[in-house]
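A short worksheet on the structure shown next.
Chains as they are written, first to last, in the working numbering: chain A, 1 to 338; chain B, 1 to 338.
Following this line, the structure appears as structure tokens:
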């Protein structure tokens, strides 16, 4: 019996195998009910509006440092939750906000973060409808943690889900991967590295709204914790299909690639906070590519792989003509990335 | 300029003046919108079901220790949020759950807490529809923090609110106050006290459902952080009326009174987690008293005071015939009580 069988470790929070097993073993078992789909980004509620069905999602935020190039924990707390609604095909409408503040936090820093949260909410068209604050004694809080829960509206006719994916479907990514993970890491002083790289943290609503009604679109997800590889594993597990990705086709910015090579990270496991992965029938994938590339958020969108028959593994065709398996994430070099 | 002007202190989380000012100054200012009523327990959303209008609320939980006589952080996370919906007159239907786990937490303890949360949810008739977990590095988490956001349904015809309170209305309390605060405090080893006292933490739904449709019921609230006195101050501020309470009428259990006298606490500021304060027209108050006393949760319910004309202060008529002002809470001897 290992340590991780008896005590929670950082690997239980990284989006990979340990986290999935903890959620299945503790949360799904104790809270199990037909509505709690632990693999869904957002769940439908049994209420309709004129515009569609209400959907519900929640996310917690612990990023360190609280402000980083390209964003801060406040804007991230809006984008993280509204993006989960967006990839479910919904339009975000309301957020609730939980704030856990460590005693001693600078009030001006708190004000900047909450102002940033307010701006991101207005830009994303969501209203912060209710909130709660708790103050944690010094040494028990890591500065600031946020949680946001979102309600959105999904058009009635929209049907997206892993179960709709078929052999031969194409996999798209809306832009370069891993910039959020590397930007946050570089902003931590202990790494002693500095760069111009900014997080990709942003609303993905323009991307999802542009294509959500396309027939042939099967599924969308934002590759956050655990990165692109983790979304690919969810698809492989959910479909029992294989996944083939082309290393040459996956967009990665040069500075991300450089830091990964220097520190031994694999960009496919790094968090993005403003990208969409979509799975679509081949002709629909081409249409999505055209739509996305015409948007400022999608200029570097690419078709990066294919859903295949065969064993549910994630295979990367390398740039030099080889193959390697992308395994499910187990350890995580980067805690508090989101 | 004091320390509390520049840095967040524990008093910013206690339900009293500093917390109110921080919420007004930072959160209401940066997130302000017509929906965000920072004084409401639950806010209406612009959607209806056959049974009523949807209402929304959220709460965070940081209680220490995680398990205490009469409850634990899991059941508290259900009762805290469903009680906010209940006192708004609503029937709770769905919860989202955010879990912040500190590295090193015993997985069996986590399982007990989540199992307790599941039981409380089933007993309260709510479904946990979505969730998120984050793991915090050792030393940055205080064990476990939870946040729950709830959606409930409030009958269309129901109209409750501070603004409906009138001179001469009576104030009721559904049971003895302060047991939660004292039970949690005694469960902390550093106090070196032990007692049989259990927290009052429980669902207040039976109490609110029994009376929510009574004409003449103006307002209900659960006196959690900051206790009874803090709810009285909210009413005084919201109505610009005075409040007169009768010390002899306010139910307080003997062990709570004894610990308060020993340690110099005032029971009127201690958290309850299973009580309702209601304000109603005099004849309605008598009807509520009869209803509540017939319920197991309300056997010690009492009419404890009156809304008066005059300056918005909270006056306690003492048992020996004197008067004292209950001031708005400033400092808090008990952090992490909820």
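Quick reminder that beta carbons are idealized off the backbone N, C-alpha and C, glycines included.
Nothing here was measured: the structure is a model prediction, and the numbers come from that model.
_Can you tell me whether residue 325 of chain A is helix, strand or coil according to DSSP?_
Strand, per DSSP.
Check: When you compare each of B:176, B:40, B:197 to residue 184 of chain B by their alpha carbons, which one comes out closest?
Finding: That would be B:197, whose Cα lies nearest to the Cα of residue 184 of chain B.
Output yes if chain A places a C-beta closer than 8 Å to the C-beta of residue 329 of chain B; else output no.
Interface annotation, residue 329 of chain B: not in contact with chain A, CB-CB separation never under 8 Å.
- Beta carbon of residue 134 of chain A: closer than 7 Å to some heavy atom of the ligand ZN? With respect to the ligand ZN, the structure shown offers nothing to examine, as it has no ligands at all.
Exercise. Taking residue 110 of chain A as the query, report the chain B residues whose CB atoms sit under 7 Å from its CB, ordered along the chain.
Key: Chain-ordered, the chain B residues with CB closer than 7 Å to the CB of residue 110 of chain A read 8, 26.
Item to check | Beta-carbon proximity check, residue 307 of chain B vs residue 221 of chain B, cutoff 8 Å | outcome: Residue 307 of chain B is not a Cβ neighbour of residue 221 of chain B, given a cutoff of 8 Å.
Exercise for review: Look at the alpha carbon of residue 293 of chain A and the alpha carbon of residue 176 of chain A, and state the distance between them as a whole number of angstroms.
Suggested key: Straight across, the Cα-Cα distance linking residue 293 of chain A with residue 176 of chain A is about 13 Å.
Review point. CB-CB under 6 Å to residue 337 of chain B, same chain, minus the five flanking residues each way: which ones, in chain order?
Key: Once the five neighbours on either side are set aside, the close Cβ partners of residue 337 of chain B are 181, 184, 271.
Item to complete: With a threshold of 16 other CB atoms inside 10 Å of the CB of residue 59 of chain B, please say whether the residue is buried or exposed.
Response: Classification for residue 59 of chain B: buried.
Is there a C-beta anywhere in chain A that falls below 8 Å from the one on residue 82 of chain B? It does not: the Cβ of residue 82 of chain B has no partner Cβ on chain A nearer than 8 Å.
task: Could you pull out every residue in the same chain whose Cβ sits closer than 7 Å to the Cβ of residue 52 of chain B, ignoring the five residues on either side in sequence?
output: Closer than 7 Å at the Cβ level, and outside the excluded window around residue 52 of chain B, lie 153, 154, 155, 156.
Exercise for the section: Return the chain-ordered list of same chain residues with a C-beta closer than 8 Å to the C-beta of residue 201 of chain A, the five sequence neighbours on each side being excluded. Expected result: Around residue 201 of chain A: 70, 71, 75, 76, 79, 180, 273, 274.
In its own chain, which residues sit with a C-beta less than 6 Å from the C-beta of residue 1 of chain B, not counting the 5 before and 5 after it?
-> Residue confidence is low: residue 1 of chain B scores 39 on pLDDT, short of 50, so the model does not pin down where it sits. Its coordinate-derived value is still stated next. Cβ neighbours of residue 1 of chain B beyond the five flanking positions: none.
- Item | Any C-beta of chain A under 8 Å from that of residue 86 of chain B | No, residue 86 of chain B does not count as interfacial toward chain A.
**Message:** Please tell me whether residue 238 of chain A has its Cβ less than 8 Å away from any Cβ of chain B.
**Reply:** No, because no Cβ of chain B sits closer than 8 Å to the Cβ of residue 238 of chain A.
Problem set entry | Ranges of the beta strand (DSSP E) found wholly within the region 185–270 of chain B, counting only runs of at least 3 | Runs of the beta strand (DSSP E) inside the region 185–270 of chain B: 217–221, 242–246.
- Decide if the region 120–138 of chain B is in contact with the region 156–168 of chain B; the criterion is three or more beta carbon pairs, one per stretch, under 8 Å apart. As far as the Cβ criterion goes, the region 120–138 of chain B does not touch the region 156–168 of chain B, which means the pair count is below three.
Hey, quick one: how far does the alpha helix (DSSP H) through residue 123 of chain B stretch, first residue to last? Residue 123 of chain B: member of the alpha helix (DSSP H) spanning 107–124, first to last residue.
Point to revise | Beta carbon of residue 329 of chain A nearer than 8 Å to that of residue 14 of chain A | key: In contact: residue 329 of chain A and residue 14 of chain A (Cβ atoms closer than 8 Å).
* To do: Tell me whether residue 102 of chain A sits in a helix, a strand or coil according to DSSP, three-state version.
  => For residue 102 of chain A, the secondary structure class from DSSP, reduced to helix, strand or coil, is strand.
Name, please, each residue of chain A whose Cβ falls closer than 9 Å to the Cβ of residue 19 of chain B.
What residue 19 of chain B touches in chain A: 133, 135.
> When you compare each of A:258, A:28, A:57 to residue 147 of chain A by their alpha carbons, which one comes out closest?
Replying inline: Nearest option by C-alpha distance: A:57.
inquiry  = Can you tell me where the beta strand (DSSP E) holding residue 133 of chain A begins and where it ends?
reply    = Taken as a continuous stretch (DSSP letters only), the beta strand (DSSP E) holding residue 133 of chain A covers 127–136.
So, for residue 331 of chain A: in the same chain, excluding its five sequence neighbours on each side, which residues have a beta-carbon less than 7 Å away from its beta-carbon? Once the five neighbours on either side are set aside, the close Cβ partners of residue 331 of chain A are 11.
If the criterion is Cβ atoms closer than 8 Å, does the pair residue 279 of chain A and residue 250 of chain A meet it? Cβ distance not < 8 Å, so residue 279 of chain A and residue 250 of chain A don't count as in contact.
- At which residues does the beta strand (DSSP E) containing residue 85 of chain B begin and terminate? For residue 85 of chain B, no beta strand (DSSP E) run applies; the uninterrupted alpha helix (DSSP H) run containing it begins and ends at 73–87, by DSSP.
| query | Is the distance from the Cβ of residue 174 of chain A to the Cβ of residue 322 of chain A below 8 Å? | reply | No.
- Query: Does the beta-carbon distance from residue 114 of chain B to residue 6 of chain A come in below 8 Å?
  - Reply: Contact flag unset, no.
Residue 312 of chain A, DSSP secondary structure in three states: Residue 312 of chain A falls in the coil class under three-state DSSP.
* Asked: Taking any Cβ of chain B, which residues in the region 136–170 of chain A have a Cβ under 8 Å from it, in chain order?
  -> Those would be 136, 137, 139, 140, 141, 142, 145, 147, 149, 151, in chain order.
> Measuring CB to CB, does residue 342 of chain B end up less than 8 Å from residue 8 of chain A?
Replying inline: Absent from the model: residue 342 of chain B. The displayed extent of chain B is 1 to 338, so no value can be given.
**Prompt:** Roughly how many angstroms lie between the CA atoms of residue 101 of chain B and residue 84 of chain B, to the nearest whole one?
**Reply:** Whole-angstrom Cα-Cα distance: 25 Å.
Worksheet item: According to the neighbour-count rule (16 or more other Cβ atoms, all chains shown, within 10 Å of its Cβ), is residue 320 of chain A buried or exposed?
Response: So residue 320 of chain A ends up on the exposed side.
(Q) By alpha-carbon positions, which one of A:82, A:129, A:44 ends up nearest to residue 46 of chain B? (A) Residue 46 of chain B has its Cα closest to that of A:129, out of A:82, A:129, A:44.
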